[in-house]
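**Q** Numbering (my numbering), first residue to last: 1 to 299.
Glycine included, every Cβ here is placed at the ideal spot set by N, Cα and C.
As the structure is a computational prediction, the values presented were derived from the model and not from experiment.
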Ligand SMILES: Nc1nc2c(ncn2[C@@H]2O[C@H](COP(=O)(O)OP(=O)(O)O)[C@@H](O)[C@H]2O)c(=O)[nH]1
Ligand SMILES: [Mg+2]
Ligand SMILES: [Zn+2]
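(1) Run the Cβ filter for me: residues under 5 Å from any heavy atom of ligand 3, listed in the order they occur in the chain.
(2) Compute the beta-carbon to beta-carbon distance between residue 88 and residue 120, rounded to the nearest angstrom, for a pair I have assumed lies under 8 Å.
(3) For the stretch 224 to 255, which segments carrying the beta strand (DSSP E) assignment without a break, of at least 3 residues, lie completely within its bounds, in sequence order?
(4) Since I believe residue 46 is in contact with residue 57 (beta carbons under 8 Å), could you give me their beta-carbon distance rounded to a whole number of angstroms?
(5) Can you tell me whether residue 266 is buried or exposed? The criterion is at least 16 other CB atoms within 10 Å of its CB, across all chains shown.
(6) Considering only their Cβ atoms, is the gap separating residue 26 from residue 12 smaller than 8 Å?
(7) Nearest-angstrom Cα distance between residue 170 and residue 65?
(8) Hey, would you say the C-beta of residue 184 is under 7 Å away from at least one heavy atom of ligand 2?
(9) For residue 71, collect the residues of the same chain with a Cβ closer than 8 Å to its Cβ; drop the 5 residues on either side in sequence, then sort them by chain order.
(10) Could you tell me which whole beta strand (DSSP E) segments of length 3 or greater appear in the stretch 34 to 86?
(11) Would you list, in sequence order, the uninterrupted alpha helix (DSSP H) runs of no fewer than 4 residues that lie entirely inside the stretch 127 to 182?
(12) In whole angstroms, what separates the C-alpha of residue 163 from that of residue 40?
(13) Hey, is the stretch 106 to 115 in contact with the stretch 237 to 255, meaning 3+ C-beta pairs nearer than 8 Å?
(14) Could you please give the first and the last residue of the uninterrupted beta strand (DSSP E) stretch that includes residue 114?
(15) Secondary structure at residue 29, three-state DSSP: helix, strand or coil?
(16) Between the C-alpha atoms of residue 144 and residue 150, what's the straight-line distance to the nearest angstrom?
(17) Using a Cβ-Cβ cutoff of less than 7 Å, which residues in the same chain neighbour residue 284 once the five nearest sequence positions on both sides are dropped?
(18) Out of curiosity, what's the CA-to-CA distance linking residue 180 and residue 94?
(19) Should the stretch 253 to 261 be regarded as contacting the stretch 273 to 281, the criterion being three or more beta carbon pairs within less than 8 Å?
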């Protein structure tokens, strides 16, 4: 039988079967070793085959179309896969409380680009910002060249936000962002009926209070799914080499072939089209700075 993993807690997985029902399954021992470099061999979004022995077990993970992944905290060799088989990544930040962390956003964007996953930015809490137009303009000038959409939302307002909702239609979207930015609120704003389920702290899947301890997949509309991930504090790049980093800065790509050296680092080289584009204002200086910072971290 086949199913899709919708939640994981420790070594137990919630799997949704084709008939819409859910079962709890564990991993067959052998499977744990398959992706030895990943801290988690099976993730939310995975399609799996399952078998009923004494209890349900996951016997295989079907090949992934893609995955969102980052370095596991505290162990450089391990990879922590956030979600599999996603149609788009939605990077959620709040304009205030907490303030946006652009370094975090840029790392998510690079990872999404490396795996060719479309990326949408959502900035929440517009209602708490005074000089909102100015702030929106700044963020748009920073990110319009390297994302598939930017949204500014007050998730607590009742207005229905049809355009915003349509972004999630007929897709599996994976949310990522710091804790407290509004990821869970976003899901319940799209489908208020889910609010109760999300907020419930007593069921066996949610041991922590008011926190999402693990990734979980929700069906928010027909054929539309959103994965809520726990708030991350940092986002370490994974499987990316220094020389290819600029290929994952979308606004740099058109200039790369005009650099003199094919593996130009866009730092000290004499004929560098990227540096010229930064000087001419075609590439935002803060994005270039972000690039330099990541490059240093990859060394
Ligand atoms: N004023 C305001 N508060 C928001 C907005 N979005 C979320 N919040 C609040 O921010 C807090 C954190 O939201 P939550 O969805 O739990 O964040 P998560 O950790 O990313 O899942 C909650 O108290 C929400 O009510 C917004 O657009 N405006
Ligand atoms: Mg949450
Ligand atoms: Zn260059």
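**A** According to the structure data:
(1) 259, 264, 266, 272, 274
(2) The residue you call residue 88 lines up with position 88 of the chain shown. The residue you call residue 120 lines up with position 120 of the chain shown. Yes, residue 88 and residue 120 are in contact; Cβ-Cβ is about 6 Å, under 8 Å.
(3) 224 to 228
(4) As a first step, residue 57 must be located in the chain shown, where it is residue number 57. As a first step, residue 46 must be located in the chain shown, where it is residue number 46. Not quite, the Cβ-Cβ distance comes to about 14 Å (not below 8 Å), so this is no contact.
(5) On the chain shown, residue 266 is found 266 positions in, with the first residue counted as 1. Counting Cβ neighbours within 10 Å, residue 266 comes out buried, since at least 16 surround it.
(6) Position 12 of the chain shown, counted from the first residue, corresponds to residue 12. Position 26 of the chain shown, counted from the first residue, corresponds to residue 26. Cβ atoms of residue 12 and residue 26: closer than 8 Å.
(7) Along the chain shown, one-based indexing puts residue 170 at 170. Along the chain shown, one-based indexing puts residue 65 at 65. If you take the alpha carbons of residue 170 and residue 65, they lie about 17 Å apart.
(8) The sequence position of residue 184 within the chain shown is 184, counting from 1. Indeed, a heavy atom of ligand 2 lies less than 7 Å from the Cβ.
(9) For the purposes of this step, residue 71 is identified with residue 71 of the chain shown, where counting begins at 1. If we look at residue 71 and ignore the five residues flanking it on each side, its Cβ neighbours are 78, 79, 80, 236, 237, 238.
(10) 47 to 52, 56 to 61, 67 to 71, 79 to 84
(11) 132 to 143, 162 to 166
(12) To locate residue 163, count along the chain shown from 1; it is residue 163. To locate residue 40, count along the chain shown from 1; it is residue 40. In a straight line, the C-alpha of residue 163 is about 35 Å away from that of residue 40.
(13) yes
(14) Within the chain shown, numbered from 1, the residue matching residue 114 stands at position 114. Residue 114 -> not in any beta strand (DSSP E); alpha helix (DSSP H) instead, spanning 102 to 114.
(15) Sequence index remark: in the chain shown, residue 29 carries index 29 (1-based). If DSSP states are grouped into helix, strand and coil, residue 29 belongs with the helices.
(16) What you label residue 144 is simply residue 144 of the chain shown in a count that begins at 1. What you label residue 150 is simply residue 150 of the chain shown in a count that begins at 1. Each residue's Cα considered, the two are about 7 Å apart.
(17) One-based indexing of the chain shown puts residue 284 at position 284. So the qualifying residues of the chain are 141, 142.
(18) The sequence position of residue 180 within the chain shown is 180, counting from 1. The sequence position of residue 94 within the chain shown is 94, counting from 1. In a straight line, the C-alpha of residue 180 is about 8 Å away from that of residue 94.
(19) yes
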